[in-house]
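**Q** Numbering (our numbering), first residue to last: 32 to 297.
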């Protein structure tokens, strides 16, 4: 009997110790692209630690693996994509990802390559854009915003290169993988670059030739979200992460760090 009591006491002590130290059940694993997402998560990590949580951040350099890893349970959450991309990914891949929280918006920028200004763009100039669904549409809408081309009426967020209705100056629209745009900028006249890749490459939105307007549907359609697998959005760990990401400390970090390239939406 004494041995049994001692064993029970030891088991209770171990369980209590794990709980008090924030054991494995209080670890949240989140996937992210390096900038700005992983940088923002580092701020959230410190805040979560105060609530007894360990935030494990895994960095990715593509837009597919963080979602497939979330679907198969390798991740508890990811933070790298906007809501429109996530919804399209679900439709194309049969995944079950949902938005746990709106966090921020990254205005797209048109950056100078071989040509220094919009006024200097020659007929037939090469302009690079992301080649993935919604991001290509977004880039083309920015080019339309600047009067460089006209899209077919009503194509909106589904626009592709084939939906260009008018291109009077015969610009060569070059479709490239989003992550490659900063590294190929010097090879084209200009490129429309995703906010996170622009930040990672040291490009400043204040130096862009043109910036996506925050008016209208842009911020709503392209809000970057904390994504989780359906059914997990209300778990304690995810709600602790939401609280940290939407904190005053994270807002202050975003405003001081990114100089308008990232805009908090909370």
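Backbone N, C-alpha and C define an ideal beta-carbon position, used for all residues, glycine too.
Since the model is a prediction, treat every value here as computed from it, not as a measurement.
Suppose you measure from the CA of residue 200 to the CA of residue 84; what does that come to, to the nearest Å?
**A** If you take the alpha carbons of residue 200 and residue 84, they lie about 56 Å apart.
**Q** If we ignore side chains and look at the alpha-carbon of each, how far apart do residue 161 and residue 210 end up?
**A** 8 Å
**Q** Roughly how many angstroms lie between the CA atoms of residue 130 and residue 294, to the nearest whole one?
**A** 18 Å
**Q** In three-state terms, what does DSSP make of residue 62?
**A** strand
**Q** Go ahead and label residue 113 buried or exposed: buried means 16 or more other beta carbons lie within 10 angstroms of its beta carbon, across all protein chains shown.
**A** buried
**Q** Between which two residues does the beta strand (DSSP E) containing residue 113 stretch?
**A** 108-113
**Q** Ignoring anything shorter than 3 residues or poking outside the region 98-170, list the beta strand (DSSP E) runs there in chain order.
**A** 108-113, 128-136, 140-143 and 157-161
**Q** From residue 292 to residue 139, what distance separates their C-alpha atoms?
**A** 9 Å
**Q** Taking the straight line between their C-alpha atoms, what separation do you get for residue 176 and residue 89?
**A** 36 Å
**Q** Answer yes or no: do residue 165 and residue 110 have a C-beta to C-beta separation smaller than 9 Å?
**A** No.
**Q** Between which two residues does the alpha helix (DSSP H) harbouring residue 280 extend?
**A** Looking at the DSSP string, the run of the alpha helix (DSSP H) that includes residue 280 is 279-289.
**Q** Is the beta carbon of residue 172 closer than 9 Å to that of residue 240?
**A** no
**Q** Please report the distance separating the alpha-carbon of residue 45 from that of residue 128.
**A** Caution applies to residue 45, whose pLDDT of 40 falls short of 50 and renders its modelled position unreliable; the model cannot decide the point.
**Q** So is residue 95 buried or exposed if we call it buried at 16+ other beta carbons inside 10 Å?
**A** Exposed, since its Cβ has fewer than 16 Cβ neighbours within 10 Å.
**Q** Under a three-way DSSP split, which group does residue 54 fall into?
**A** Caution applies to residue 54, whose pLDDT of 40 falls short of 50 and renders its modelled position unreliable; the value that the coordinates give is listed next. Of the three classes helix, strand and coil, the one that applies to residue 54 here is coil, per DSSP.
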